[in-house]
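Taken in sequence, the protein lines are chains E and X. Quick note on my numbering: the first sequence kicks off at 858 and runs consecutively. Quick note on my numbering: the second sequence kicks off at 143 and runs consecutively.
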Amino acid sequence: MAKRATTGESKRLTDVELELMTILWRLGEGAVSDVIGELPPQRELAYTSVSTILRILETKGVLAARKEGRGHIYVPLLGKSEYEARAVKDVVDRVFQGVPVAMVRQLLDNVELSATDLREVRKLLDRPKGRK
Amino acid sequence: MNLASALSAYTALNVAVVVAVLGLLAVESLRRHASALKLLGFHYWIAGGLAVTALVAAVLPAPQLFEPSASIWSAQEFAGFSPPALEPVSGYMSFGAGATNLDAGSVSRAWIATVLMLLAAGSFRLSRDALALRRIRRQSHCIRRHGRVRIWLNDTVRTPFSYWIPGSAHVVLPSYLLERGDHLRMVLAHELQHHRQRDTVWLYFFRALGWLCALNPFAHLWKRRLGRMQEFACDEALITRRGWSADVYARCLLDVAAREREAAPGFRLSTPLIRFGDPLVLTRRIEMMMQPKRLTFIKPLQMSIVAALLALMTLAAYAAGGWVQDRRVTREQAEAMAERVSANSGFTVVVNDEVLHELNRYAGTPEGREFMRASLQRFEGYRSEVVASLAKHGVPAELAAVPLVESGYQNLDASHNRLSSAGIWQFIPNTALAFGLRVDGQVDDRLDAERLTDAAGRMLRADHLRFTDWQLALMAFNMGAHGLQKAIDTTGSRDPWTLIRAGHEGDRGYLARVHAAVLIAANPGSVAP
Numbered sequence: 858m859a860k861r862a863t864t865g866e867s868k869r870l871t872d873v874e875l876e877l878m879t880i881l882w883r884l885g886e887g888a889v890s891d892v893i894g895e896l897p898p899q900r901e902l903a904y905t906s907v908s909t910i911l912r913i914l915e916t917k918g919v920l921a922a923r924k925e926g927r928g929h930i931y932v933p934l935l936g937k938s939e940y941e942a943r944a945v946k947d948v949v950d951r952v953f954q955g956v957p958v959a960m961v962r963q964l965l966d967n968v969e970l971s972a973t974d975l976r977e978v979r980k981l982l983d984r985p986k987g988r989k
Numbered sequence: 143m144n145l146a147s148a149l150s151a152y153t154a155l156n157v158a159v160v161v162a163v164l165g166l167l168a169v170e171s172l173r174r175h176a177s178a179l180k181l182l183g184f185h186y187w188i189a190g191g192l193a194v195t196a197l198v199a200a201v202l203p204a205p206q207l208f209e210p211s212a213s214i215w216s217a218q219e220f221a222g223f224s225p226p227a228l229e230p231v232s233g234y235m236s237f238g239a240g241a242t243n244l245d246a247g248s249v250s251r252a253w254i255a256t257v258l259m260l261l262a263a264g265s266f267r268l269s270r271d272a273l274a275l276r277r278i279r280r281q282s283h284c285i286r287r288h289g290r291v292r293i294w295l296n297d298t299v300r301t302p303f304s305y306w307i308p309g310s311a312h313v314v315l316p317s318y319l320l321e322r323g324d325h326l327r328m329v330l331a332h333e334l335q336h337h338r339q340r341d342t343v344w345l346y347f348f349r350a351l352g353w354l355c356a357l358n359p360f361a362h363l364w365k366r367r368l369g370r371m372q373e374f375a376c377d378e379a380l381i382t383r384r385g386w387s388a389d390v391y392a393r394c395l396l397d398v399a400a401r402e403r404e405a406a407p408g409f410r411l412s413t414p415l416i417r418f419g420d421p422l423v424l425t426r427r428i429e430m431m432m433q434p435k436r437l438t439f440i441k442p443l444q445m446s447i448v449a450a451l452l453a454l455m456t457l458a459a460y461a462a463g464g465w466v467q468d469r470r471v472t473r474e475q476a477e478a479m480a481e482r483v484s485a486n487s488g489f490t491v492v493v494n495d496e497v498l499h500e501l502n503r504y505a506g507t508p509e510g511r512e513f514m515r516a517s518l519q520r521f522e523g524y525r526s527e528v529v530a531s532l533a534k535h536g537v538p539a540e541l542a543a544v545p546l547v548e549s550g551y552q553n554l555d556a557s558h559n560r561l562s563s564a565g566i567w568q569f570i571p572n573t574a575l576a577f578g579l580r581v582d583g584q585v586d587d588r589l590d591a592e593r594l595t596d597a598a599g600r601m602l603r604a605d606h607l608r609f610t611d612w613q614l615a616l617m618a619f620n621m622g623a624h625g626l627q628k629a630i631d632t633t634g635s636r637d638p639w640t641l642i643r644a645g646h647e648g649d650r651g652y653l654a655r656v657h658a659a660v661l662i663a664a665n666p667g668s669v670a671p
């Protein structure tokens, strides 16, 4: 119990953390300056802030750091789809009281889906069982 | 320390807190635009004074009502005084367990129950806070360590706060602040200023005080006022000393407070730690920031205000010492006590409200009982001589109780009294001279208890001859025959209690005190521990 809270296994990411992780997922790996370079120009996030956030993500077990020159190169340990899966499960648990159908209904009712999207969904549903 | 004296000390503490809060409020309102940093200093000085006084009072023995005597004339008969000897004779002095009225037993049970409840509530809150704090700590990431200061970031906390534990100072910041570097710097400086002001250390004192005086609204008022003052002082320090723009700083405050409002309920500490953007005081804080330069106090003025307030607190606490009456003597009990006296005496004891009040001051409070017990023990050394001497002059033996009130049967020299009265009967020099005693640089006959008692017997006899009433004679003994005669002429009454109620008496409550002492001397069991 005590362990889980610190290792990041069940940890949700904050908005900024997710923002930075999205960049790192796209880059594969990167230093603080690489991450800042990918931020939109109007985003005012100081170098020290980014560095702090990345270090926190490292202690959360989401990133691994490797020393290179004077700085660190950060590598995601948590995959994008792994995080997405966890986030969806979390939403189902917290918002839909663990009833996935309720979420799907909301999704279909309230989110605009194109014909292609719906075809994709059907294909996923028809997939053989035993696989995710 | 028995229960009653603990209770007495507790009352004194509460009274001191009331005086402290009223004094601090007065200082704040007299100097409306005073610097918050200075006012905070007042709070801490007074709190420190209170803590020191409480500690000293707890360590030192209870103050004596009279100075210990320099020399005791006849010390050979000290032993063999057993106060409860009279108790078995009749059942009326039922002070102990099983008494009918508000007795010590039921009072103490009620108090023990209250204390247990306070203890339970206090430890519950303390452990709840400790748990919540541990939870926050476990989810936080230390981002900086500098000496004893540690700075943490936390995703769940919405309001920055600080706390201190012996050896280390902590600041916990919500992680959203990372997105606003300027706000982060301000909030951090603010929180560090709390540590610098020692607010986080004083927090423990005020929590303890709030718990200890849980039933005292003034203790809570103090805690609340102080909490605000700490914030005002921090704001002021950052704006005036660091030259921050009040405008920018206020915006930062508002932003943090707005974030706090979004906070999910249920993740808060029950008692506020030192927190940054408390929405409750936000408006006032911003108003304070926008005010022009604040007035300060010069050091001597500040110190004299603190000293005066501390003196007032001590006085009030001391005056409150006799408030706790752990045994109440009822009128019936007092009347039963009186029956033991009047049966074989020319002096009739009256039991009225005044006498009952004084009786309860002596027999109803731990301090009073202790004083009376010691006095009665000294009285044993003088008893035979004093009674014989009074009898020689035809004075009722009961009036041997007068020195109990005058000196507690201590042979005090003139230095103990501002009127230079001395001896067990506390004669002033003029009276002593009038009754043929020698009082000069070499000899003070008043310290010869035998001679002084003889003079007292003659004086009481003379007063009785003049006023033909022992109660009036006692009043004359205290205020002088001339003064009493004037009082009788003015009021047209010869009833001593009518005179007293009209304000004609020497020492306040003197006659009632003598009555109470007579009752106690005849019933020493009433002042048993």
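Ideal placement from N, C-alpha and C gives every residue a C-beta, glycine not left out. Being a predicted model, the structure only gives us computed values, none of them experimental.
- Inter-segment contact for the segment 618-628 of chain X and the segment 598-608 of chain X is present: three or more beta-carbon pairs are separated by less than 8 Å.
- As DSSP reads the structure, N296 of chain X sits in a beta bridge with X:S282 and X:P316.
- For G191 of chain X, same chain residues with a beta-carbon under 6 Å away, outside a window of 5 residues either side, are L452 in chain order.
- Against chain X, the CB of E941 of chain E has no partner CB under 9 Å away; the residue lies outside that interface.
- For F347 of chain X, the uninterrupted alpha helix (DSSP H) run begins and ends at D341 to L354, by DSSP.
- With its beta carbon less than 9 Å from one in chain X, E901 of chain E belongs to the interface.
- Annotation for S635 of chain X: L641 place their beta carbon closer than 7 Å to its own, counting only its chain and skipping 5 residues before and after.
- The C-beta separation of L934 of chain E from L920 of chain E comes to about 6 Å, placing the pair in contact by the 8 Å criterion.
- Minimum Cα-Cα distance from R900 of chain E among the listed residues X:F489, X:R322 and X:E474 corresponds to X:R322.
- Between V961 of chain E and chain X, the shortest Cβ-Cβ separation is not below 9 Å.
- Going by C-alpha positions, E474 of chain X is about 20 Å away from G510 of chain X.
- With a threshold of 9 Å between beta carbons, V873 of chain E makes contact with chain X.
- Any Cβ of chain X closer than 9 Å to the Cβ of I880 of chain E would place that residue at the interface, and such an atom is absent.
- The shortest CA-to-CA distance from G578 of chain X to any of X:I566, X:F303 and X:G599 is the one to X:G599.
- With respect to the C-alpha of A178 of chain X, the residue from X:Q372, X:V448 and X:D495 having the closest C-alpha is X:Q372.
- Interface flag for Y305 of chain X against chain E is unset, since no Cβ pair is found closer than 9 Å.
- Taking a cut-off of 8 Å for Cβ pairs, the segment 307-314 of chain X and the segment 284-294 of chain X touch, as three or more such pairs fall below it.
- Of the other Cβ atoms in all chains shown, 16 or more fall within 10 Å of the Cβ of L295 of chain X; this residue is therefore buried.
- Its chain contains M328, A331, H332, Q335, W386 and Y391 as the residues whose beta carbon lies nearer than 8 Å to that of L380 of chain X, once the 5 sequence neighbours on both sides are disregarded; these appear in chain order.
- Note on geometry: alpha-carbon atoms of A399 of chain X and R280 of chain X lie some 24 Å from one another.
- Per DSSP, reduced to three states, the secondary structure at V581 of chain X is strand.
- Considering only beta carbons, the part of the segment 312-327 of chain X lying closer than 8 Å to chain E consists of S317, Y318, L320, E321, G323 and L326, in chain order.
- Residue-level contact check: R951 of chain E does not touch chain X, since none of the beta carbons of chain X fall below 9 Å from its beta carbon.
- Residue environment analysis places F266 of chain X among the exposed positions, since fewer than 16 neighbouring C-beta atoms fall within 10 angstroms of its C-beta.
- Looking at the DSSP output, V656 of chain X shares a beta bridge with no other residue.
- In this structure, the straight-line span from the alpha carbon of G565 of chain X to that of L554 of chain X is close to 5 Å.
- In this structure, the alpha-carbon of F360 of chain X lies about 25 Å from that of S304 of chain X.
- At a cut-off of 9 Å between beta carbons, D297 of chain X contacts chain E.
- A residue is called buried once 16 or more other Cβ atoms fall within 10 Å of its Cβ, and E378 of chain X is buried on that count.
- DSSP places R560 of chain X in the coil class of the three-state scheme, outside both helix and strand.
- If you look at G599 of chain X, you'll find it in the alpha helix (DSSP H) that goes A591 to F609.
- Below the 9 Å Cβ cutoff, chain E contributes T909, R912 and I913 as neighbours of I285 of chain X, in chain order.
- For H175 of chain X, there is no enclosing alpha helix (DSSP H), as DSSP gives it neither H nor E.
- Close to T973 of chain E, with beta-carbon spacing below 7 Å, lies no residue of chain X; the smallest spacing is near 36 Å.
- Taking a C-beta distance under 9 Å as the contact criterion, A263 of chain X and A356 of chain X qualify as a contact pair.
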